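Going left to right, the sequence shown walks through residues 0 to 625 as numbering that gives the first Met the number 0 numbers them.
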Amino acid sequence: MSIDGVSGRTSYIGTTILNLRNQLNDLTTQLATGKVSTTYAGQGLDRGFALSLRAQISGINAFSDTATNLNTRLSVANLTLQGLSDVGTQVKNAATTATLTLNDSGQTSGQITAQAAFANAVAMLNSQSGDRYLFSGRAMDTPATVSADTMLKGTATQAGLTQLINERKQADQGAGMMGRLSVSSPPATTTVTSIAEDGSPFGLKLLSVQSSLTGATVTQPAGTPKSTSVDLGAVNPKDGDKIKFNFTLPDGTTDAIELTATTTNPPPAGSFLIGTDTAATTANLQSTLTSSIKTLSDTSLVAASAVAASNNFFNPVATVSGAAVNNQNTPPAPISGATAVSGAAGTDSLSTSFAAGDTITVNGTPITFVASGATGNQVNVTDSVQTLIAKIDQISGTKNPSTISNGAITLHGADGESLSISSSNTAALGALGIANNTTAAPAPLRVGGPPFDTATNLVAGTPGNTVYWYTGENGPGSARGTAVAQVDQSITVQYGARANEQAFRYLLQNVAVYAAVTTNASNPNASAQVTALAQRVSANLAPQNGQQQIQDVQAEFAGAQTATKAATDRQTQLKGMAETMLDSVEGVNQDEVATKILALQTSLQASYQTTSMLYQTTLLKYLPIS
């Protein structure tokens with residue numbers, strides 16, 4: 000009979016002790032980590048649920064990081080917007096309250112304020128958040144604009160705003176400082192005074208005439224180009240009778256020359272002397288009117304011209320410049336606004352006629368030629384080129400009327416929009432001097448010259464000869480859509496911006512023109528020039544109906560911040576609930592674990608003692624002692 004050792008009989012006791020020891024180790028780890036297990040395998044059936052909860056929490060953390068970056072960018076953008084708003088208020092107040100005293104540079108204190116404000120506004124539009132330019136659209140790594148100094152003064156090869164203002168001033172005043180108007184000088188026996196435009200887009204434009212002159216016959220402005228006349232007839236006006244000529248200026252504002260008939264000699268300002276007969280009175284009226292037009296040309300017109308030039312510089316427009324072409328008259332002559340769009344040889348009509356059924360397509364909208372009775376987007380084949388140009392302007396939505404001069408047509412598009420033109424009758428379109436399928440992109444407008452005082456049209460500046468002030472992205476779609484952040488699973492926030500948006504551009508062009516214009520202190524009309532400019536800048540910097548305001552952009556950014564905050568608050572609550580649920584799956588009750596550890600330690604101690612006793616047992620203890 001064999002006798003086995005204790006270990007052979009009691010191996011199950013060792014296994015039990017090892018199991019207890021492993022349990023104690025697991026419980027100790029749980030107590031230290033607060034987790035059921037350090038591996039997903041140890042989490043049991045709920046491990047899939049735990050993985051889902053962790054993914055949800057990770058996604059919320061990512062959205063939280065996005066919201067933090069977004070709020071930082073929006074905060075910087077809002078500071079910029081408030082700064083721009085303050086610039087507008089500052090310059091408006093300066094234009095309203097500044098003295099008319101000119102410094103050595105020919106500027107008032109208000110204009111000096113505008114210079115600093117303009118540089119500040121440009122710097123703010125080039126604001127960055129991290130490495131991102133906030134007002135460059137999708138071109139986040141590109142500054143939004145050129146420098147303020149470059150905008151105003153240009154470069155060695157590119158004209159800046161100051162040069163464009165000077166060129167436009169020459170074009171609007173004209174060679175004789177008459178605002179591109181002519182006042183007739185008839186024979187001494189004539190009683191008619193005529194005023195006519197020169198057909199260019201520059202200078203003063205006739206609007207209307209109001210008269211209380213006794214016995215006078217007034218013809219209201221009409222024709223292309225417009226003209227008006229006043230016939231004193233056979234009866235002299237009475238002392239105190241008035242006549243008022245109303246004009247439209249290049250910036251769209253209006254002004255007037257009001258003249259009063261007087262028997263006082265010499266006549267006071269704004270009056271013309273009643274002569275011995277109506278012929279003499281007519282000569283006096285013409286002389287006074289000519290002098291008054293020159294004064295208007297050197298005061299309000301100068302200010303309006305500068306404002307118009309600033310708009311042309313900051314608000315790019317697409318321009319299609321046609322070639323100079325002749326009609327089919329005998330002999331041929333350059334086409335004009337009066338040239339018919341169709342006609343027989345030997346007449347003032349296009350060299351190739353448009354026929355009924357032909358079309359000209361402008362930006363995708365067709366103009367159809369009909370035999371007669373044109374309505375809507377139709378033109379009669381008997382209509383003039385001027386009628387056709389007006390229809391093209393109506394469709395393109397331009398604020399810069401297209402022109403025809405010396406046989407060449409110049410078409411303009413809407414502000415900031417491209418312009419395309421094509422025709423089903425390629426030959427007839429060519430007879431207008433325009434190639435088929437012509438497309439033009441927006442560009443700053445400037446006077447076609449030199450010479451500038453006799454210029455007949457506005458032309459598109461090129462990157463080689465004119466400063467393009469906005470250097471950011473200018474693609475399709477809204478400015479807000481150029482930067483998009485996802486702040487929740489189904490919520491995206493748009494917060495992009497472009498420095499050439501209407502609100503920013505309009506602020507810049509009005510502050511810039513006030514900063515750029517200089518006035519000759521020795522000019523007797525200097526104070527009137529400065530006053531007219533300051534009045535326009537002040538009026539333009541006031542809120543404009545139907546126009547985007549900086550406050551509108553602020554409201555859109557505020558909406559983005561509100562949406563982001565709402566999403567973040569909701570995610571914070573969801574994260575708290577997810578973490579609680581995850582803790583219920585992965586976490587342990589430390590009190591319960593501690594109790595189990597104490598129980599296991601007691602059991603393990605008892606097992607050790609029992610095992611020790613067994614291993615000390617030998618056969619000799621059971622043999623009788625002899």
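Using N, Cα and C, we set each Cβ at its ideal position, and we do this for glycine too.
Since the structure is predicted, the reported quantities are computational estimates derived from the model, not experimental observations.
Beta-bridge pairing by DSSP links R72 to no other residue. Per DSSP, L133 lies in no alpha helix (DSSP H) and is assigned neither H nor E. The bridge partners DSSP lists for A158 are T465. K237 is classed as exposed because its beta carbon has fewer than 16 other beta carbons within 10 Å across all chains shown. Annotation for L507: the continuous alpha helix (DSSP H) segment containing it runs 501-515.
For L349, there is no enclosing alpha helix (DSSP H), as DSSP gives it neither H nor E.
Only residues of its own chain outside the window of five on either side were considered, and among them A562, A566 have a CB closer than 7 Å to the CB of I490, listed in chain order. By DSSP's assignment, N245 forms a beta bridge with S207, A255.
A389 is the residue among A520, A389, T192 whose C-alpha sits nearest the C-alpha of T223. N328 is bridged by DSSP to G345. At a Cβ-Cβ threshold of 9 Å, V75 and S128 count as neighbours.
Closest by C-alpha distance to L99, out of S184, A442, T517, is T517.
Inter-residue distance for D230 and F312 is about 42 Å (C-alpha atoms, whole angstroms). For R179 against L203, the beta-carbon gap comes to about 7 Å, under 8 Å, which counts as contact. DSSP places L418 in the strand class (E or B) of the three-state scheme.
Within the same chain, T107, T518, A520, A525, V529 come within 8 Å of L101 by CB-CB distance, once the 5 residues on both sides are set aside. Measuring C-alpha to C-alpha distances from P142 to each of G545, Q572, W468 identifies W468 as the nearest.
Excluding sequence positions up to five before and after Q501, its CB lies within less than 7 Å of the CB of Q546, Q547, all in the same chain and listed in chain order.
By alpha-carbon distance to V380, the top candidate from F353, A120, L212, A268 is F353. Counting along the chain, S423 sits inside no alpha helix (DSSP H), nor does DSSP assign it H or E at all. Bounds of any alpha helix (DSSP H) do not take in F353, whose DSSP letter is neither H nor E. In the three-state reduction of the DSSP assignment, I394 falls in the helix class. In summary, R479 is buried, with 16 or more beta-carbon neighbours lying within 10 Å of its beta-carbon over all protein chains present.
Non-local C-beta neighbours of V361 in its own chain, meaning closer than 8 Å and more than five positions away in sequence, comprise I391, I394, S395, L418, S419, I420, ordered along the chain. The beta-bridge partner set that DSSP reports for D487 consists of I490. Considering only Q560, V182, D382, N456, the residue with the shortest C-alpha distance to Q285 is V182.
Under the 10 Å beta carbon count, D551 is surrounded by fewer than 16 other beta carbons and is classified as exposed. In the structure shown, F201 adopts coil according to DSSP, grouped into three states. Contact check for F503 against I433 fails: the beta carbons are separated by 9 Å or more. Straight across, the Cα-Cα distance linking V384 with P333 is about 12 Å.
The alpha helix (DSSP H) runs lying completely inside the stretch 284-313 and spanning 4 residues or more are 299-313, given in chain order.
Taking a C-beta distance under 9 Å as the contact criterion, L151 and T144 do not qualify as a contact pair. Each of N165, S291, L258, A407 was checked against the Cα of D452, and the nearest Cα belongs to N165.
Looking from the CA of A122, the closest CA among G136, A155, V86 belongs to V86. When Cβ pairs closer than 8 Å are counted between the two stretches, the stretch 439-454 is seen to touch the stretch 312-330, the count reaching three or more. When DSSP states are grouped into helix, strand and coil, I194 belongs to the strand group.
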